[in-house]
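Position one of the sequence shown corresponds to residue 1 (full-length UniProt numbering), numbered consecutively onward. Beta carbons are placed, not taken as given, at the ideal position from N, Cα and C, and that holds for glycine.
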Amino acid sequence: MWWGRGHVADSADPKLTLLTPLTSLHVWDVGGQSSLRSYWRNYFESTDGLVWVVDSSDRQRLRLCATELRALLREERLAGATLLVFANKQDLPGALPAGDIREALGLDSIRSHRWRLQGCSAFTGKDLLPGLDWLLDDIGARLCPPD
Numbered sequence: 001m002w003w004g005r006g007h008v009a010d011s012a013d014p015k016l017t018l019l020t021p022l023t024s025l026h027v028w029d030v031g032g033q034s035s036l037r038s039y040w041r042n043y044f045e046s047t048d049g050l051v052w053v054v055d056s057s058d059r060q061r062l063r064l065c066a067t068e069l070r071a072l073l074r075e076e077r078l079a080g081a082t083l084l085v086f087a088n089k090q091d092l093p094g095a096l097p098a099g100d101i102r103e104a105l106g107l108d109s110i111r112s113h114r115w116r117l118q119g120c121s122a123f124t125g126k127d128l129l130p131g132l133d134w135l136l137d138d139i140g141a142r143l144c145p146p147d
C-alpha cells in the first residue's frame, strides 16, 4: 500500500492517524463490499470529510456506486461534510476518464456537500496528494473560517 511522498505502509490496517503540527487526521477504510455497508454508520459521528474511491476500470459497478454515494450523502450525520471523490486506477488501459466518472455519478447535481473529483492511481500514488490537500484545505476553511 502506498501512502504519500514515498512512505509505504506495510500493513492492511483499516485505520490510520496522520498528525501534522496543525491537524490530526483520523482515516478509516470501511470498504465498499455490500456485506460491510451496514457498518458505515458506525463511523459517521464527527466526520468532517469523506473520501469516496471509484474504480475507474469497472464500468459495470458505476450505477451501484452512484446509488450508494447518493444514499450516503443523505445521512444526517454527514451533513456538510466535504466530499473528495477519487477516480482511481487512471493508470490502467481502458479506465474511464474522470469526466466520465463525474457524469456517471451525477456529481454536478450535488448541492448538499462541497466536492471535488480527482483522477488518481493509488498503485503509483499519482495525484493522490492534490486531492488530499484540497480536502484538508476545504475542511479547514469550513471549520476555521478566516476572520
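> Would you call the CB atoms of Val51 and Asn88 closer than 8 angstroms?
Replying inline: no
> From Ala81 to Leu117, what distance separates their C-alpha atoms?
Replying inline: 15 angstroms
> For Thr82, which beta-bridge partners are listed by DSSP?
Replying inline: Gly49
> Where does Arg102 fall in DSSP's three states?
Replying inline: helix
> Start and end of the alpha helix (DSSP H) containing Arg70?
Replying inline: Leu62 to Leu73
> In whole angstroms, what separates the C-alpha of Arg142 from that of Glu68?
Replying inline: 25 angstroms
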